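Here's the structure, in structure tokens; my notes come after.
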Amino acid sequence: MTRLSHRPTAPSPLPRAARWATFVLMAVALAACGDKGGSKPATQVAAKVGSEEISVHQINFVLSRTNTANVTPENAQRLRQEVLEKLIDQQLAVDQAVENKLDRSPEVVSQLEAARREVLARAYVQRVAGGLPKPTTEEAQKYFNDNPALFSERRIYNLQEILVPAAGADVAEQVKAQVAAGKSMDEVAAWLKGRNLRFGGNSATRAAEQIPLELLKTVAALKDGQTTVISNAQGFTVLRVASSQSAPVSESAALPRIQQFLANQRGAEAVSKAIKDLRANTTVTYMGDFQPGSAGAAAGAPPTGAISTTEAAAPAAPAPAPAPAPAAATAPPPVSPADVNPAVDDKTRAVIEKGIKGLK
Numbered sequence: 004m005t006r007l008s009h010r011p012t013a014p015s016p017l018p019r020a021a022r023w024a025t026f027v028l029m030a031v032a033l034a035a036c037g038d039k040g041g042s043k044p045a046t047q048v049a050a051k052v053g054s055e056e057i058s059v060h061q062i063n064f065v066l067s068r069t070n071t072a073n074v075t076p077e078n079a080q081r082l083r084q085e086v087l088e089k090l091i092d093q094q095l096a097v098d099q100a101v102e103n104k105l106d107r108s109p110e111v112v113s114q115l116e117a118a119r120r121e122v123l124a125r126a127y128v129q130r131v132a133g134g135l136p137k138p139t140t141e142e143a144q145k146y147f148n149d150n151p152a153l154f155s156e157r158r159i160y161n162l163q164e165i166l167v168p169a170a171g172a173d174v175a176e177q178v179k180a181q182v183a184a185g186k187s188m189d190e191v192a193a194w195l196k197g198r199n200l201r202f203g204g205n206s207a208t209r210a211a212e213q214i215p216l217e218l219l220k221t222v223a224a225l226k227d228g229q230t231t232v233i234s235n236a237q238g239f240t241v242l243r244v245a246s247s248q249s250a251p252v253s254e255s256a257a258l259p260r261i262q263q264f265l266a267n268q269r270g271a272e273a274v275s276k277a278i279k280d281l282r283a284n285t286t287v288t289y290m291g292d293f294q295p296g297s298a299g300a301a302a303g304a305p306p307t308g309a310i311s312t313t314e315a316a317a318p319a320a321p322a323p324a325p326a327p328a329p330a331a332a333t334a335p336p337p338v339s340p341a342d343v344n345p346a347v348d349d350k351t352r353a354v355i356e357k358g359i360k361g362l363k
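Each residue of the sequence shown is one higher than the one before, counting from 4 in my numbering.
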């Protein structure tokens, strides 16, 4: 069903131990693929852990994937030292993993191969998306003018919704008639309850960019106090704009984010087309239960339906203010990581760990 609730940025679902295990696993992958034959020039070596060397390049790689906006010349070396200490800990764990032949266990080998496939696939995606021309200022201005609900007429909405799953079209039509007659949300809920229909309620404050773009035009057309019914394959949603506040965004503030959004959108489309072309020119044979028409293939088919903003999905529109976003599978979405303050140990370590994850 259609949901307008925004999915907030959540902390990593993996516990600390699991994240550390993943971290070590990626290091084992690097150790397995690295050149063990030649040593690095002395100027490139930051530390030796036993017979293994940690290079300045490795430190710089981690830093390149770390938000260093708040790093000053005074604390830059401290941050580099923090990174080095993490890499030393990593190498110690790698050495033990290899010594205990963990790199040969079937499970670890499978994970290493999966990590390798992921890195290579991501590199191809980035190459396809990165080779596209950047959106022009004129294109960004057109997007700005074509989407007033996001910018010049942007509002922050206080929304109320009743979610009705698996309801027939006749039920939706009856609810629409009640809404047209001016029935309140409480009255609609009572009507549904009286007929033993399953439903759920929700209320939240959402800015325009936090609403799926395909639904924003419908929401933006509502005045304060107005209600509408939105149907989809899973059921329908009764949506009311309890109140709203005007919060326009100027063109000068919006254009950089629009250009980034258009670049991401263009990249996603290019990658989708590239993969589609590759499928068309490559023989793909499904085997066993995965053959078309088999029960297993039908059961594993991806579900269809309306987009829920509580699920993992890239932003539908460029936000006028920085907002973290999950990495999309087809194109890198605009993200704004948390600021780093190297003077605070916990925050510094958290940022470094994020950068080191890039080693995979």
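Yeah, the Cβ is synthetic: ideal placement off N, Cα and C, and Gly gets one too. Since the structure is predicted, the reported quantities are computational estimates derived from the model, not experimental observations.
**Request:** Could you tell me whether the stretch 238 to 257 touches the stretch 146 to 161, using the rule of 3 or more Cβ pairs below 8 Å?
**Result:** They touch, by the three-pair rule.
**Item:** residue 238 in three-state terms, based on DSSP
**Value:** Three-state DSSP puts residue 238 in a strand.
**Asked** Which residues share a DSSP beta bridge with residue 94?
**Response** Beta-bridge pairing links residue 94 to no other residue.
**Prompt:** Which two residues bound the contiguous alpha helix (DSSP H) that contains residue 51?
**Reply:** The continuous stretches of alpha helix (DSSP H) do not include residue 51, which lies in the beta strand (DSSP E) extending over residues 48 to 52.
**Prompt:** Within 10 angstroms of its Cβ, does residue 287 collect 16 or more other Cβ (buried), or is it exposed?
**Reply:** Exposed, because fewer than 16 other Cβ atoms sit within 10 Å of the Cβ of residue 287.
**Asked** What's the gap between the Cα of residue 108 and the Cα of residue 57?
**Response** Between residue 108 and residue 57, the C-alpha separation is close to 25 Å.
**Item:** Uninterrupted alpha helix (DSSP H) stretches inside the stretch 182 to 226 (no shorter than 4 residues)
**Value:** You should have 188 to 197 and 216 to 223.
**Asked** Alpha carbon to alpha carbon, how far is residue 234 from residue 204?
**Response** Straight across, the Cα-Cα distance linking residue 234 with residue 204 is about 16 Å.
**Prompt:** Do you know how far the Cα of residue 268 is from the Cα of residue 277?
**Reply:** In this structure, the straight-line span from the alpha carbon of residue 277 to that of residue 268 is close to 14 Å.
**Item:** Rounded separation between residue 136 and residue 148 - CA only
**Value:** Computed Cα separation, rounded: 22 Å.
**Item:** Length of the line joining the Cα atoms of residue 188 and residue 236
**Value:** If you draw a straight line from the Cα of residue 188 to the Cα of residue 236, it is about 22 Å long.
**Item:** residue 83 in three-state terms, based on DSSP
**Value:** Looking at residue 83 - three-state DSSP - the assignment turns out to be helix.
**Prompt:** Is it true that the CB of residue 200 sits closer than 8 Å to the CB of residue 170?
**Reply:** A Cβ-Cβ contact shorter than 8 Å links residue 170 with residue 200.
**Prompt:** Would you report the Cα separation of residue 222 and residue 245, rounded to the nearest angstrom?
**Reply:** Annotation: residue 222 to residue 245 spans about 11 Å, alpha carbon to alpha carbon.
**Item:** Cutoff 6 Å; reference residue 238; Cβ partners in own chain excluding five residues on either side
**Value:** These residues qualify, in order along the chain: 4, 167, 168, 169 and 170.
**Item:** Residue environment, residue 146, which counts as buried when at least 16 other CB atoms sit within 10 Å
**Value:** Here residue 146 is buried. Its C-beta has 16 or more other C-beta atoms within 10 Å.
**Item:** Coarse secondary structure for residue 21, derived from DSSP in three states
**Value:** Per-residue confidence for residue 21 stands at a pLDDT of 46, beneath the threshold of 50, marking its modelled position as unreliable; the derived number appears in the next sentence. Note: residue 21 maps to helix in three-state DSSP.
**Message:** Please report the straight-line C-alpha distance between residue 68 and residue 95, rounded to a whole angstrom.
**Reply:** Distance between the alpha carbons of residue 68 and residue 95 is about 22 Å.
**Asked** Can you tell me the Cα-Cα spacing of residue 339 and residue 260, whole angstroms?
**Response** Any answer about residue 339 is weak, because its pLDDT of 30 lies below 50 and its placement is not dependable; what the coordinates show is given next. Straight-line Cα distance between these residues: approximately 11 Å.
**Item:** beta strand (DSSP E) segments (min. 3 residues) lying fully within the stretch 225 to 285
**Value:** 230 to 235 and 238 to 249, all fully within the stretch 225 to 285.
**Request:** Starting from the C-beta of residue 83, find all residues in its chain whose C-beta is less than 8 Å away, skip the five residues before and the five after it, and write them out in chain order.
**Result:** In the same chain as residue 83, and ignoring 5 residues on each side of it, the C-beta atoms closer than 8 Å to its own belong to 62 and 66, in chain order.
**Message:** So for residue 163, helix, strand or coil by DSSP?
**Reply:** In the three-state reduction of the DSSP assignment, residue 163 falls in the strand class.
**Asked** Along the chain, where does the beta strand (DSSP E) that runs through residue 58 open and close?
**Response** Start and end: 55 to 58.
**Asked** Helix, strand or coil: which one does DSSP assign to residue 32?
**Response** Low local confidence applies: a pLDDT of 48 at residue 32 is under 50, so the model's placement there is unreliable, with the coordinate-based value given in what follows. Looking at residue 32 - three-state DSSP - the assignment turns out to be helix.
**Request:** Go ahead and label residue 14 buried or exposed: buried means 16 or more other beta carbons lie within 10 angstroms of its beta carbon, across all protein chains shown.
**Result:** Legend: pLDDT at residue 14 = 41, less than 50; position of this residue unreliable, no value from coordinates given.
**Message:** Comparing C-alpha positions only, which one of 172, 150 and 280 sits nearest to residue 217?
**Reply:** Distances from the CA of residue 217 to each of 172, 150 and 280 were compared; the closest alpha carbon is that of 150.
**Asked** Closer than 8 Å, CB to CB, is residue 178 near chain B or not?
**Response** No chain B is part of this structure, which consists of one protein chain only.
**Message:** Below 8 Å on the Cβ atoms is my contact criterion, and I expect residue 50 with residue 87 to pass it. Report the Cβ-Cβ distance as a whole number of Å.
**Reply:** Indeed, because the Cβ distance is near 6 Å, the residues count as touching under 8 Å.
**Request:** Per DSSP, which residues does residue 130 bridge with? Please list them.
**Result:** Bridge partners of residue 130: none, in fact.
**Prompt:** Can the beta-carbon of residue 207 be found less than 8 Å from the beta-carbon of residue 162?
**Reply:** With respect to the 8 Å criterion, residue 207 and residue 162 are classified as neighbours on the basis of their beta carbons.
**Request:** Tell whether a beta-carbon distance below 8 Å holds between residue 80 and residue 254.
**Result:** Residue 80 places its beta carbon 8 Å or farther from that of residue 254.
**Item:** Exposure label - residue 285; buried when at least 16 CB within 10 Å
**Value:** Flag for residue 285 reads exposed.
**Asked** Going by DSSP, which residues form a beta bridge with residue 119?
**Response** Per DSSP, none; premise fails for residue 119.
**Message:** I'd like the span of the alpha helix (DSSP H) that includes residue 146, first residue to last.
**Reply:** In this chain, the alpha helix (DSSP H) harbouring residue 146 covers 140 to 149.
**Item:** Helix, strand or coil at residue 109 [DSSP, three-state]
**Value:** Residue 109 carries a helical assignment under DSSP once its states are collapsed to helix, strand and coil.
**Prompt:** Based on Cα-Cα distance, which residue from 197, 264, 226 and 70 lies nearest to residue 142?
**Reply:** Closest option to residue 142, Cα to Cα, is 264.
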